[in-house]
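For the sequence shown, position 17 (counting from the first letter as 1) is numbered 17 according to the UniProt record's numbering, and the numbering increases by one without interruption.
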Amino acid sequence: MEKIHKFFECLIPITQCNLKCEYCYVIQEERRTLKQANLQYDIDTMRLALTKQRLGGTCYFSLCGAGETLLQKEIVDIVEVLLKNGHYVNITTNGTLPTRIKEMTNRFNESELLRLNFSFSFHYIELKRLNLINKFFESIEIAKEYNITYLIQLNLYDAYLPFLDDIADICIKRAGHLPQLALTRTEPEKGISCQSDIYSELSFDDYRKYGKKFKSKLFEFTCDNFMIQRKEFCYAGDWSGTLDLSTGILKPCYFSRKTQNIFSNIDKKIEFKAIGNTCKSPYCSNSSHFIALGVIPEYITPTYFELRHRDGEENYSECMKKFLSQKLYDNNKEYSYIKKKIINQKNTLYDNFFELMRMIKGKIVNGK
Numbered sequence: 001m002e003k004i005h006k007f008f009e010c011l012i013p014i015t016q017c018n019l020k021c022e023y024c025y026v027i028q029e030e031r032r033t034l035k036q037a038n039l040q041y042d043i044d045t046m047r048l049a050l051t052k053q054r055l056g057g058t059c060y061f062s063l064c065g066a067g068e069t070l071l072q073k074e075i076v077d078i079v080e081v082l083l084k085n086g087h088y089v090n091i092t093t094n095g096t097l098p099t100r101i102k103e104m105t106n107r108f109n110e111s112e113l114l115r116l117n118f119s120f121s122f123h124y125i126e127l128k129r130l131n132l133i134n135k136f137f138e139s140i141e142i143a144k145e146y147n148i149t150y151l152i153q154l155n156l157y158d159a160y161l162p163f164l165d166d167i168a169d170i171c172i173k174r175a176g177h178l179p180q181l182a183l184t185r186t187e188p189e190k191g192i193s194c195q196s197d198i199y200s201e202l203s204f205d206d207y208r209k210y211g212k213k214f215k216s217k218l219f220e221f222t223c224d225n226f227m228i229q230r231k232e233f234c235y236a237g238d239w240s241g242t243l244d245l246s247t248g249i250l251k252p253c254y255f256s257r258k259t260q261n262i263f264s265n266i267d268k269k270i271e272f273k274a275i276g277n278t279c280k281s282p283y284c285s286n287s288s289h290f291i292a293l294g295v296i297p298e299y300i301t302p303t304y305f306e307l308r309h310r311d312g313e314e315n316y317s318e319c320m321k322k323f324l325s326q327k328l329y330d331n332n333k334e335y336s337y338i339k340k341k342i343i344n345q346k347n348t349l350y351d352n353f354f355e356l357m358r359m360i361k362g363k364i365v366n367g368k
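Structure, rendered in C-alpha cells:
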C-alpha cells in the first residue's frame, strides 16, 4: 500500500464556466470574468517541480478551478503530469463535460485511472435549466466503466429545498446512491478574515436538519467544524499546502501570509514548515480535506474516505480507498516540544513583521 505523504489543495484560477449558480463564490465576489487561467510555467516545469523526490513521497492533489475545472485547456496535461509522477489526484467538476473525462480514459493507463478521483458537483437547478442532467450522469457512467473513484456532492442551498426528494430520487435511480452534501457558505467581506455564514435564510440548526435525510457524514463533519477555531498544533505548511498551479505559489494554508514559488527554481529545496498554533483563521475553511487527512494529530476524526462513503456504496477503487483511509500523521514525524516552540516563535515574528510592514506601507500611501 502506498503511503500518503502530503496533501495539496490546488487552485486553477480559471473563471470560465458553463453554469451560473447563485451560490458560486466567484459570482458572490463579482469575479466572473469567464477567462482561462494564464499558466506562467509550462507543463514540463510543473512535472519536474512536483516529483515524489522533491516532495518527499506520494502526495494527494485536489484540483479545483475558480470556474469549471475541466474547461481549462491544459487540464488533461496537468492531471497526466501528476499521475505519471506517481501521485493521486482529485478533480472537482460540475460533470457536464464527459468528453473531457473520456479524453483522460483514452490517454491514461489503468494504474493511473485507479489513482484518479472525480468530485462531481450536482448543481441541480442549472443542470435542469440547461438540459444537462443526462450529460452529468454520462460522466458518472464513464467513471464507473473505468473503475475511477467518484463522489457526487450537492451544495445544500435554499432554492434546492423544494427539490430534495427529486434530487435524492434521481441520484439513486441514475447513480445508485444518494449524493453527499456540502455546506454552502457566504464569502467573507474584503478585509475580514474568513468571517463567513451559511448561505441560507434558515437558522444554522434548521439548515442542518434539512441535510439529515441524506445521511451525509461529510455534511455533518463540516457542520461540526464550521466557525470552530482550532487551538491545537497544526501541521499545515509541512504536511499540506495550498498551491496555485498558474503561478507556482505555495502557501501553508488559505489565509497564511507566507508564500514561496516552487516552480521558479526546481532545483531549490521547498521549505516545509508547520503553521503550528499561529493560524489566524477563525475556523478551518476546508476541514473535510485538511483535518480529515490528519494535519492536527491530536484531533481524532473519521478518515477522508469514511466521510465520503456509505456502507454498500461502490464508488471507490480499492487503491484509492486504502490511500485515503490513512492519516498524514501515520506517515510523517511529529515535532518535538522544543521544535514546536521554535516554530511558533518564528511564525509569530514573521506575522508581526508582516503586519508592521503593512501598516508602514499604508501610512506611506496615505501620506502620513
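C-beta: ideal position from N, C-alpha, C; glycine also.
For residue j and residue i, the rounded distance between their alpha carbons
{"i": "Thr93", "j": "Glu68", "result": "6 Å"}
{"i": "Asn286", "j": "Ser240", "result": "12 Å"}
{"i": "Gly56", "j": "His5", "result": "7 Å"}
{"i": "Glu271", "j": "Asn134", "result": "46 Å"}
{"i": "Ile14", "j": "Gln72", "result": "7 Å"}
{"i": "residue 388", "j": "Cys64", "result": "In the structure as shown, the chain begins at 1 and stops at 368. Residue 388 is therefore absent and cannot be evaluated."}
{"i": "Asp206", "j": "Glu74", "result": "42 Å"}
{"i": "Lys35", "j": "Ser325", "result": "37 Å"}
{"i": "Leu202", "j": "Tyr335", "result": "43 Å"}
{"i": "residue 377", "j": "Gln16", "result": "Outside the displayed range of the chain (1 to 368) lies residue 377, so it cannot be described from this structure."}
{"i": "Lys84", "j": "Glu112", "result": "7 Å"}
{"i": "Pro297", "j": "Asn331", "result": "11 Å"}
{"i": "Asp165", "j": "Lys346", "result": "52 Å"}
{"i": "Arg208", "j": "Ile228", "result": "16 Å"}
{"i": "Tyr41", "j": "Gly248", "result": "8 Å"}
{"i": "Thr21", "j": "Glu103", "result": "The sequence given here places Cys at residue 21; Thr does not occur at that position. The straight-line gap from Cα to Cα measures roughly 26 Å."}
{"i": "Ser216", "j": "Tyr160", "result": "16 Å"}
{"i": "Tyr60", "j": "Asn90", "result": "8 Å"}
{"i": "Lys340", "j": "Thr278", "result": "11 Å"}
{"i": "Lys273", "j": "Ile170", "result": "46 Å"}
{"i": "Phe214", "j": "Pro98", "result": "26 Å"}
{"i": "Gly191", "j": "Lys144", "result": "Because the pLDDT of Gly191 is 45, which lies under 50, any placement of that residue in the model is unreliable, and the question is left without a value."}
{"i": "His87", "j": "Thr51", "result": "9 Å"}
{"i": "Thr243", "j": "Lys251", "result": "Checking the sequence, you will find Leu at residue 243 rather than Thr. For Leu243 and Lys251, the distance between alpha carbons rounds to 6 Å."}
{"i": "Phe108", "j": "Lys128", "result": "32 Å"}
{"i": "Asn38", "j": "Ile12", "result": "9 Å"}
{"i": "Pro162", "j": "Arg308", "result": "24 Å"}
{"i": "Lys269", "j": "Arg54", "result": "7 Å"}
{"i": "Asn117", "j": "Lys321", "result": "11 Å"}
Three-way DSSP call (helix, strand, coil) for residue i in this model
{"i": "Leu19", "result": "coil"}
{"i": "Tyr283", "result": "coil"}
{"i": "Thr69", "result": "helix"}
{"i": "Gly191", "result": "With a pLDDT of 45 at Gly191, under the threshold of 50, the modelled position of this residue cannot be trusted, and the question is left open."}
{"i": "Thr247", "result": "coil"}
{"i": "Asn38", "result": "coil"}
{"i": "Phe219", "result": "helix"}
{"i": "Tyr207", "result": "helix"}
{"i": "Phe233", "result": "coil"}
{"i": "Val89", "result": "strand"}
{"i": "Asn109", "result": "coil"}
{"i": "Asn261", "result": "strand"}
{"i": "Ile172", "result": "helix"}
{"i": "Phe61", "result": "strand"}
{"i": "Ile133", "result": "helix"}
{"i": "Ile198", "result": "strand"}
{"i": "Asp139", "result": "The identity of residue 139 in the sequence shown is Ser, whereas the question assumes Asp. Ser139: helix per DSSP, three-state reduction."}
{"i": "Tyr124", "result": "helix"}
Proximal residues to residue i (C-beta, below 7 Å), its chain only, five neighbours per side dropped
{"i": "Phe204", "result": "Ile198"}
{"i": "residue 369", "result": "This structure does not reach residue 369, given that the chain is present from 1 up to 368, and the question cannot be answered."}
{"i": "Glu2", "result": "Thr58, Phe323"}
{"i": "Arg185", "result": "Ser196, Asp197, Ile198, Tyr199"}
{"i": "Asn225", "result": "Tyr283, Cys284, Ser287, Ile291"}
{"i": "Tyr146", "result": "Thr105, Leu113"}
{"i": "Asp238", "result": "Phe272, Lys273, Ala274"}
Residues near residue i by beta carbon distance below 6 Å, same chain, minus five either side
{"i": "Thr222", "result": "Leu183, Ser288"}
{"i": "Ala49", "result": "Ile262, Phe263, Ile266"}
{"i": "Leu293", "result": "Phe7, Tyr304, Leu328"}
{"i": "Met46", "result": "Val81"}
Residues bridged to residue i [DSSP beta-bridge criterion]
{"i": "Thr184", "result": "Paired residues: none, contrary to the question."}
{"i": "Gly241", "result": "Phe8"}
{"i": "Val79", "result": "The partner list for Val79 (beta bridge, DSSP) is empty, contrary to what the question assumes."}
{"i": "Phe118", "result": "Ile91, Tyr150"}
{"i": "Leu156", "result": "Leu183"}
{"i": "Gly253", "result": "According to the sequence displayed, residue 253 carries Cys and not Gly. In DSSP, Cys253 forms no bridge with anything."}
{"i": "Gly294", "result": "According to DSSP, Gly294 bridges with nothing at all."}
{"i": "Gly276", "result": "Cys234"}
Cβ-based neighbour list, residue i, same chain, cut-off 8 Å, excluding 5 preceding and 5 following
{"i": "Ile140", "result": "Gly95, Phe120, Tyr150, Ile152, Arg174, Ala175"}
{"i": "Ser193", "result": "Note that Ser193 scores 48 on pLDDT, short of 50, meaning its location in the model is unreliable; the coordinates nonetheless yield the value given after this. Closer than 8 Å at Cβ, skipping near neighbours: Phe255, Lys280, Ser281, Pro282."}
{"i": "Ile43", "result": "Glu74, Asp77, Ile78, Val81"}
{"i": "Tyr350", "result": "Arg257, Lys258"}
{"i": "Phe136", "result": "Asn94, Gly95, Thr96, Phe120, Phe122, Leu127"}
{"i": "residue 369", "result": "No answer is possible for residue 369: it lies beyond the span of the chain, which begins at 1 and ends at 368."}
In chain order, which alpha helix (DSSP H) runs of at least 4 residues are fully inside the segment 310-354? Counting whole runs of 4 or more residues, the segment 310-354 contains the alpha helix (DSSP H) stretches 318-323, 328-331.
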